[in-house]
Amino acid sequence: MEFSTLLIHAGQDRDPATGASSVPIYLASTYSQPDPENPAQYDYARSGNPTRDALEKAMAEIEGGAMALAFSSGMAALSSTLLLFQPGDHLIAGTDIYGGTYRALTEMFSRWGLKTSFVDTTDPAQIEAAVTASTRAILIETPSNPLLRITGLDAVSAIARKHGLLAIADGTFTTPFLQQPLKHGFDLVIHSATKFLNGHSDVVAGIVVAGSRELGERIRFIQNAFGAVPGVQDCWLLMRGLKTLGVRLAAEQDAAGWLAEQLQSLPQVIRVHYPALVGHPGREIHAQQASGGGGILSFELESPALTRAFLRNVHLPLIAVSLGGVESIMTYPATMSHAAMPPKERARRGIGDNLVRLSVGLEAPVDLLADICQALEKGLRESVSA
79 MEFSTLLIHA GQDRDPATGA SSVPIYLAST YSQPDPENPA QYDYARSGNP
129 TRDALEKAMA EIEGGAMALA FSSGMAALSS TLLLFQPGDH LIAGTDIYGG
179 TYRALTEMFS RWGLKTSFVD TTDPAQIEAA VTASTRAILI ETPSNPLLRI
229 TGLDAVSAIA RKHGLLAIAD GTFTTPFLQQ PLKHGFDLVI HSATKFLNGH
279 SDVVAGIVVA GSRELGERIR FIQNAFGAVP GVQDCWLLMR GLKTLGVRLA
329 AEQDAAGWLA EQLQSLPQVI RVHYPALVGH PGREIHAQQA SGGGGILSFE
379 LESPALTRAF LRNVHLPLIA VSLGGVESIM TYPATMSHAA MPPKERARRG
429 IGDNLVRLSV GLEAPVDLLA DICQALEKGL RESVSA
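Numbering of the sequence shown is given in the numbering used here, commencing with residue 79 and proceeding in unit increments.
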């Protein structure tokens, strides 16, 4: 089955009771139990809900996993996954990762003794060198947030198997439409479903997909015990968004690739980061494990002053946190997506105050480029006069 067909029909594509073309929104918080000694499938909505179950079945099928579990946000999905580990365990994570992930690892889970080494995961030798007797997992993003650095999925899964570790990938940027880490030997894939999976900037949700039933059941236990589950209407909206994921991301990817090429020619832009660009580090590896460059790019301007003035003059994209919507969204990592990362740590990772991240939406690319050009011209005048 082609992926575009799978997106429409994965999981439960019609209501078995009525034949409705979408699964109903079951708003009940509790369920009648005819036999108290033999609980029915559903008893309390934190533990299970028919609408949420339909979403989870669809995501497991789309990602090619054994089980999927839905959460109230991407960070809830990540944090619940980290509850697989215990004090004294050690994780290896990429240096170039989402600021919220960095914050969770360094300021929350470190308090109960979970240790993390941040290494350049684009270099398998650095991952291998970081493995200790207490290491339990490798956590990566590829492409990474916000510099779009590429980590080889096959190389990471090989190291994980060699040392008996879990291989965990954040698949938010690519979604299963472009990349499926489980097929490369990964154990878990985490998504901020708020982003491309939903695609309309009206839902906050997270997904964890497990490659094995055993691991999925462990995550399900944490989901129920920790209780960070999504609202049922959010589950329904997310299923709606999944049906158009293919056409949305294909169009956004085409526009992002074209814009990345155009931005390289602008004099105020000193560097563009996009996985499909010729010369992008790891481009060949990305082409082997993903079916396109995706809808996200980032670029660096001549100075922080110009960058801030530029962002004040952009009209079409939202200047906002998040990504993956039908509208283009520009993010200033220094104060938004990576504000939780101390300035020195951002600088060490190459995340400068002149960096802009752009999630390309469904606007006409020529209009986006025209808006970027006018904002650069105005921003240049403002930064010079200041």
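Cβ atoms here follow ideal geometry from the backbone N, Cα and C, with glycine treated the same way.
Keep in mind it's a predicted model, so treat the numbers as computed, not measured.
Collapsing the DSSP output to three states places Phe163 in coil. Residue pairing from DSSP leaves Arg296 without any beta-bridge partner. Judged by DSSP secondary structure, Val234 falls within the alpha helix (DSSP H) whose first and last residues are Leu231 to His241. With contacts defined as CB atoms closer than 8 Å, Leu384 and Ile348 fail to qualify as a contacting pair.
Closest option to Trp190, judged by alpha-carbon separation, among Leu160, Val350, Val197 and Ala211: Leu160. The region 270–287 makes contact with the region 307–323; the number of CB pairs closer than 8 Å reaches 3 or more. The DSSP assignment places 193–197, 213–219 and 244–248 as complete runs of the beta strand (DSSP E) inside the region 178–257, in order along the chain (cut-off: 3 residues). Shown here, Ala88 sits in coil according to DSSP, grouped into three states, outside any helix or strand. Counting other Cβ atoms within 10 Å of its Cβ, Ala118 stays below 16 and is therefore classed as exposed. C-alpha of Glu185 to C-alpha of Gln111: approximately 43 Å in a straight line. Apart from sequence neighbours up to five positions away, the residues of its chain that approach Tyr180 with a beta-carbon distance below 7 Å are Ala418 and Met419, ordered along the chain. Closest in alpha carbon position to Leu458, among Gly373, Gly242 and Ser381, is Ser381. In the three-state reduction of the DSSP assignment, His358 falls in the coil class, being assigned neither a helical nor a strand state. For Glu141, the enclosing alpha helix (DSSP H) covers residues Pro128 to Glu141. Per DSSP, the beta-bridge partners of Ser376 are His351 and Arg435. Where Ile103 is concerned, there is no enclosing beta strand (DSSP E), because DSSP gives it neither an H nor an E. Comparing C-alpha distances from Lys273 to each of Arg92, Ile374 and Glu80 shows the shortest one belongs to Ile374. Beta-bridge annotation (DSSP): Met408 is paired with Ile397 and Leu436.
Closest option to Val267, judged by alpha-carbon separation, among Ser461, Glu423, His393 and Met145: Met145.
By the Cβ criterion, the region 244–261 is in contact with the region 209–223, since at least three pairs of Cβ atoms, one from each stretch, lie closer than 8 Å.
His168 has Lys193 and Thr213 as its beta-bridge partners, per DSSP. When DSSP reads this structure, Thr108 sits in a beta bridge with Tyr122. Cβ atoms of Asn276 and Ser415 stay farther apart than 8 Å, at about 18 Å.
In this structure, Leu147 is the residue among Ser343, Ile363, Leu147 and Ala95 with its C-alpha nearest to the C-alpha of Val287. Less than 8 Å divides the Cβ of Ile297 from the Cβ of Ser158. By the Cβ neighbour-count rule, Glu141 is buried, with 16 or more other Cβ atoms within 10 Å of its own. In terms of Cβ geometry, Ala208 and Ser195 form a close pair [threshold 8 Å]. Taking C-beta atoms as the reference points, Phe264 and Gly242 fail to come closer than 8 Å.
Your pair Arg214 and Asp167 checks out as a contact, with CB atoms roughly 5 Å apart and the cut at 8 Å. Selection Arg435, Thr200 and Met153 evaluated against Ile170 yields Thr200 as nearest (Cα-Cα).
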